[in-house]
Amino acid sequence: MSPAAVLAAVGAALPPHTVSNDDLAARMDTSDEWIRSRTGITSRHVAGIDQSTADLAVQAAAQALNGSYSPGVDALVVATTTPDRCCPATAPTVAARLGLTGVPAHDVAAGCTGFLYALATAAGLIAAGTAETVLVIGADRLASLPRPDDRTTVPLFGDGAGAVLLRRGDADEAGALAPIVLGSDGTCADLIAAACPGTLHMGGADVFRHAVERMSTASRRAATAAGWDLAAVDRLVPHQANSRITSFVARRLGVPDARRLSNVAHVGNTGGASIPLLLTQAHADGRLQSGHRTLLTAFGAGLPWGAVALTWPDLTHPTEGAGHDR
Ligand code: UT7
Numbered sequence: 041m042s043p044a045a046v047l048a049a050v051g052a053a054l055p056p057h058t059v060s061n062d063d064l065a066a067r068m069d070t071s072d073e074w075i076r077s078r079t080g081i082t083s084r085h086v087a088g089i090d091q092s093t094a095d096l097a098v099q100a101a102a103q104a105l106n107g108s109y110s111p112g113v114d115a116l117v118v119a120t121t122t123p124d125r126c127c128p129a130t131a132p133t134v135a136a137r138l139g140l141t142g143v144p145a146h147d148v149a150a151g152c153t154g155f156l157y158a159l160a161t162a163a164g165l166i167a168a169g170t171a172e173t174v175l176v177i178g179a180d181r182l183a184s185l186p187r188p189d190d191r192t193t194v195p196l197f198g199d200g201a202g203a204v205l206l207r208r209g210d211a212d213e214a215g216a217l218a219p220i221v222l223g224s225d226g227t228c229a230d231l232i233a234a235a236c237p238g239t240l241h242m243g244g245a246d247v248f249r250h251a252v253e254r255m256s257t258a259s260r261r262a263a264t265a266a267g268w269d270l271a272a273v274d275r276l277v278p279h280q281a282n283s284r285i286t287s288f289v290a291r292r293l294g295v296p297d298a299r300r301l302s303n304v305a306h307v308g309n310t311g312g313a314s315i316p317l318l319l320t321q322a323h324a325d326g327r328l329q330s331g332h333r334t335l336l337t338a339f340g341a342g343l344p345w346g347a348v349a350l351t352w353p354d355l356t357h358p359t360e361g362a363g364h365d366r
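Printed below as a string of structure tokens:
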């Protein structure tokens, strides 16, 4: 049996500056009421020009490594839609800044589903024997993508980063990723798109329908792949596109709303950072606890989607062997 990828640590970073709905209403034709009722968002964190995607990624990764008992990192994957430069990729720079020069490091581009694609890449590196520990980072500065006066997109997005450390382990231990479900539909690629360079355009209503459908279907398949009944899911961790989308997904899956984790009110849609940022916050404040059967799902520009199940591990008291010998 090939080794499993097991979650061993989490970390996150948010730029300090926040922008409220009222701040937006002061500079464009919108209102706090409209934004909150359509999206559930009340404010978002926005990076200054001096804070790059790599800066956010390094900060999140450092926090994950700080809370980790693993002796090292063998590979690094960054999921981002907003790399600091078109070329080169962000990951080698992030690795070097973390003191990991020499490890394999590359970016994954899969929109807001990028983190789940990066998890799959990392799990593959572990299964192939290329790495025993992989740092997976989702980092995005989506707030800078829309045209600054576009009220249909500006309110939705925020900046941030999240990171998880995966280690080689066994499929039957807590934290092991069940088979990861992924898919894409490039025939809808124009529904959320930004030219290179250029500003973001989105067909909001169509994206909404696709997001609900794809995340629900992928979640069902991921639960089946884990051998779970959906009624057994303790925590649904959907990509934080907006709260109406995620509550529709929970309803379709029959997951009670109290089990649907959310942080979109204070961070907006942070793209590839969305899921690991939420995991980190929910782990820190106790919404996610050891033993919770946790289902992650995402959807994004492309249109790619994905889902994966894991039982949340005890990250505070690692068991014997939680690190690895090198
Ligand atoms: O990772 C995936 C990322 N994408 C998403 O999460 C977006 C998914 N889509 C959505 O969540 C929703 O489509 C939105 C929240 C973006 C928009 O909600 P909607 O209920 O689909 O609104 P709409 O686009 O149909 O627009 C309704 C009205 C329009 O006015 P008219 O034509 O009816 O007069 C818009 O111009 O609301 C107007 N509108 C706004 N009004 C105030 C659009 N944006 C705003 C705004 N403030 N910010």
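Count the sequence shown with the numbering used here and you get residues 41 to 366, in order. Here a beta-carbon is modelled for each residue, glycine too, at the ideal position from N, C-alpha and C.
Neighbourhood of residue i by C-beta distance below 7 Å, restricted to the same chain and skipping five residues each side
i: E213; result: V46
i: A258; result: V221, G223, T337, W345, G346, A347
i: R191; result: M68, D69, T70
Test: residue i CB closer than 8 Å to a CB of chain B
i: L276; result: Of the protein chains in this structure there is only one, and it is not chain B.
Status (buried if at least 16 other CB within 10 Å, exposed otherwise) for residue i
i: S325; result: For the sequence presented, residue 325 should be read as Asp rather than Ser. Label assigned to D325: exposed.
i: R187; result: exposed
i: Q329; result: exposed
i: D297; result: exposed
i: G294; result: exposed
Residue i versus residue j - alpha carbon distance
i: D177; j: A203; result: At residue 177 the sequence reads Ile, which differs from the Asp that was named. Going by the C-alpha atoms only, they are around 4 Å apart.
i: I81; j: C228; result: 26 Å
i: P56; j: M41; result: 45 Å
i: T351; j: R67; result: 44 Å
i: A104; j: S314; result: 16 Å
i: L140; j: V113; result: 7 Å
i: I99; j: S302; result: Looking at the sequence shown, residue 99 is not Ile but Gln. Their backbone Cα atoms lie some 22 Å apart in a straight line.
i: S184; j: T70; result: 18 Å
i: V59; j: N309; result: 13 Å
i: R125; j: A271; result: 44 Å
i: S287; j: V247; result: 15 Å
i: D189; j: A171; result: 45 Å
Own chain residues within Cβ distance below 6 Å of residue i, not counting five before or after
i: A129; result: H146, D147
i: G311; result: T121, C152, D180, L182
i: A53; result: L96, Q99, A100, A201
Own chain, CB closer than 8 Å to residue i, minus 5 neighbours either side, in chain order
i: G88; result: P55, H57
i: R292; result: V252, S256
Entirely enclosed alpha helix (DSSP H) segments - the stretch 237 to 278, minimum 4 residues: 244 to 266
So, do the stretch 138 to 146 and the stretch 259 to 278 have three or more beta carbon pairs nearer to each other than 8 Å? As far as the Cβ criterion goes, the stretch 138 to 146 does not touch the stretch 259 to 278, which means the pair count is below three.
Can you find at least 3 beta carbon pairs, one from the stretch 329 to 336 and one from the stretch 66 to 75, that sit closer than 8 Å? no
Does the count of Cβ pairs from the stretch 252 to 267 and the stretch 195 to 211 closer than 8 Å reach three? no
For the stretch 129 to 214, list the alpha helix (DSSP H) runs that are entirely contained and at least 4 residues long, ordered along the chain. 131 to 137, 154 to 167
Tell me the start and end of each unbroken alpha helix (DSSP H) in the stretch 93 to 119 that is at least 4 residues and wholly inside, in chain order. 93 to 106
Inter-stretch contact (C-beta, 8 Å, three-pair minimum) for the stretch 151 to 164 and the stretch 82 to 94: Contact fails: fewer than three Cβ-Cβ distances are below 8 Å.
Which ranges does the alpha helix (DSSP H) cover as unbroken runs of at least 4 residues, wholly within the stretch 275 to 347, from first to last along the chain? 283 to 293, 304 to 307, 314 to 325
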